[in-house]
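For reference, the structure discussed in these notes is given below.
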Amino acid sequence: AQRVTQPEKLLSVFKGAPVELKCNYSYSGSPELFWYVQYSRQRLQLLLRHISRESIKGFTADLNKGETSFHLKKPFAQEEDSAMYYCALSGSGSARQLTFGSGTQLTVLP
Amino acid sequence: NAGVTQTPKFRVLKTGQSMTLLCAQDMNHEYMYWYRQDPGMGLRLIHYSVGEGTTAKGEVPDGYNVSRLKKQNFLLGLESAAPSQTSVYFCASSPTGTGSYEQYFGPGTRLTVT
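If you read the protein sequences in the order shown, they are chains R and A.
Just so you know, the first sequence maps onto residues 3 to 112 in the working numbering.
Just so you know, the second sequence maps onto residues 2 to 115 in the working numbering.
Written as structure tokens, this is what we have:
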């Protein structure tokens, strides 16, 4: 069975401070990991995927297979980063089904 | 392109009533999904489809049925609504092919069952 854990339901940081949203996963094979974001009154959208090794809106995430983690990081948070963030895993399902974590609500304070 | 659209946006049902949620996508995607979003639980997969005429159960399928008669549409039905089905429902679609796993989401349907 595959599982995604986001230990923080709520996270608040001040503008300009570093932010890290934690994500741990459980999966026996080689997973594909994603971060999705939902801004207020907007639909869920892909932020980044580990396979691309990209930086989007200043966010990065590194897959650590030893620690089974995929933490999302940004060195200097901005107020517009306030949103709900979901970590998701795609395993061996034929339709690339996603297993989501419970989400972390990030608030960046002025 | 409208992307993924959902109808209706809001609905209030009484226990025992039935309804159908419609999802439509104009991106010619093969894969489509229905999720429910509940506070503290993230999104959970209800049913999914890998192509026209095919459907499969996800993590929480009980109390729901689906149909994919046309490639662009994926319908989610509640035959006898229960208060436990109060939730926000999201539809998503995804293309086939290698290297592209992104799912594209609709705006959601907020359903309340009293």
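Ideal placement from N, C-alpha and C gives every residue a C-beta, glycine not left out.
To the nearest angstrom, how far is it from the Cα of residue i to the Cα of residue j?
{"i": "Asp-39/A", "j": "Lys-67/R", "result": "29 Å"}
{"i": "Leu-46/A", "j": "Cys-24/A", "result": "15 Å"}
{"i": "Gln-73/A", "j": "His-30/A", "result": "7 Å"}
{"i": "Gly-18/R", "j": "Phe-78/R", "result": "4 Å"}
{"i": "Phe-61/R", "j": "Ala-97/R", "result": "27 Å"}
{"i": "Gln-80/R", "j": "Pro-33/R", "result": "30 Å"}
{"i": "Ala-57/A", "j": "Pro-112/R", "result": "46 Å"}
{"i": "Thr-115/A", "j": "Cys-89/R", "result": "32 Å"}
{"i": "Leu-14/A", "j": "Glu-69/R", "result": "45 Å"}
{"i": "Pro-9/A", "j": "Arg-45/R", "result": "15 Å"}
{"i": "Thr-97/A", "j": "Gln-8/R", "result": "28 Å"}
{"i": "Tyr-102/A", "j": "Arg-12/A", "result": "31 Å"}
Return the Cβ separation of residue i and residue j in integer angstroms, given the expectation that the two are a contact with Cβ distance under 8 Å.
{"i": "Tyr-38/R", "j": "Gln-4/R", "result": "Actually they do not touch by this definition, with Cβ atoms about 16 Å apart."}
{"i": "Ala-82/A", "j": "Tyr-36/A", "result": "That belief does not hold up - the Cβ atoms of Ala-82/A and Tyr-36/A are roughly 18 Å apart, past 8 Å."}
{"i": "Gln-47/R", "j": "Phe-91/A", "result": "Between Phe-91/A and Gln-47/R the Cβ distance is about 12 Å, and since that is not below 8 Å, they are no contact."}
{"i": "Gln-7/A", "j": "Gly-109/A", "result": "7 Å"}
{"i": "Ala-63/R", "j": "Leu-74/R", "result": "5 Å"}
{"i": "Leu-108/R", "j": "Val-21/R", "result": "7 Å"}
{"i": "Cys-25/R", "j": "Ser-54/R", "result": "About 16 Å separates the two Cβ atoms, so there is no contact after all."}
{"i": "Ile-58/R", "j": "Leu-50/R", "result": "5 Å"}
{"i": "Met-20/A", "j": "Leu-79/A", "result": "6 Å"}
Taking the CB atoms as reference points, tell me whether residue i and residue j lie closer together than 8 Å.
{"i": "Ser-50/A", "j": "Tyr-65/A", "result": "no"}
{"i": "Ser-68/A", "j": "Leu-76/A", "result": "yes"}
{"i": "Tyr-27/R", "j": "Leu-35/R", "result": "yes"}
{"i": "Leu-22/A", "j": "Phe-102/R", "result": "no"}
{"i": "Gly-59/A", "j": "His-48/A", "result": "yes"}
{"i": "Gln-104/A", "j": "Leu-100/R", "result": "yes"}
Going by DSSP, what residue range makes up the beta strand (DSSP E) through residue i?
{"i": "Glu-31/A", "result": "Premise fails: Glu-31/A is in no beta strand (DSSP E) and is neither H nor E."}
{"i": "Arg-69/A", "result": "Segment: none, Arg-69/A is in no beta strand (DSSP E) and carries neither H nor E."}
{"i": "Gln-26/A", "result": "20-26"}
{"i": "Lys-58/A", "result": "55-58"}
{"i": "Val-6/R", "result": "5-7"}
{"i": "Gly-50/A", "result": "In the sequence under discussion, the amino acid at residue 50/A is Ser, which differs from the Gly named in the question. Counting along the chain, the beta strand (DSSP E) containing Ser-50/A begins and ends at 43-52."}
{"i": "Ala-85/R", "result": "85-92"}
{"i": "Asn-26/R", "result": "26-28"}
{"i": "Gly-17/A", "result": "Careful: Gly-17/A lies outside any beta strand (DSSP E) and carries neither H nor E."}
{"i": "Tyr-38/R", "result": "34-40"}
{"i": "Val-89/A", "result": "88-95"}
{"i": "Ser-14/R", "result": "12-16"}
{"i": "Glu-22/R", "result": "21-23"}
Got a sec: does the ligand COA put a non-hydrogen atom nearer than 7 Å to the Cβ of residue i?
{"i": "Asp-27/A", "result": "Of the ligands one can find in the structure shown there are none, so the ligand COA has no counterpart to examine."}
Between the Cα of residue i and the Cα atoms of the options, which residue gives the shortest distance?
{"i": "Gly-105/R", "options": "Tyr-87/R, Pro-112/R, Leu-74/R and Ser-92/R", "result": "Tyr-87/R"}
{"i": "His-52/R", "options": "Ser-92/R, Lys-11/R, Ser-84/R and Val-110/R", "result": "Ser-92/R"}
{"i": "Leu-70/A", "options": "Gln-18/A, Pro-84/A and Glu-53/A", "result": "Glu-53/A"}
{"i": "Ser-85/A", "options": "Thr-55/A, Asn-2/A, Asp-63/A and Ala-3/A", "result": "Asp-63/A"}
{"i": "Thr-113/A", "options": "Gly-4/A, Tyr-102/A and Gly-17/A", "result": "Gly-17/A"}
{"i": "Asp-83/R", "options": "Gly-95/R, Ser-14/R and Gly-31/R", "result": "Ser-14/R"}
{"i": "Tyr-34/A", "options": "Arg-111/A, Gly-98/A and Val-5/A", "result": "Val-5/A"}
TODO: Note down, in chain order, all residues in the segment 90-106 of chain R with a beta-carbon under 7 Å from any beta-carbon belonging to chain B.
DONE: Here chain B cannot be found, since the structure's protein chains are R and A.
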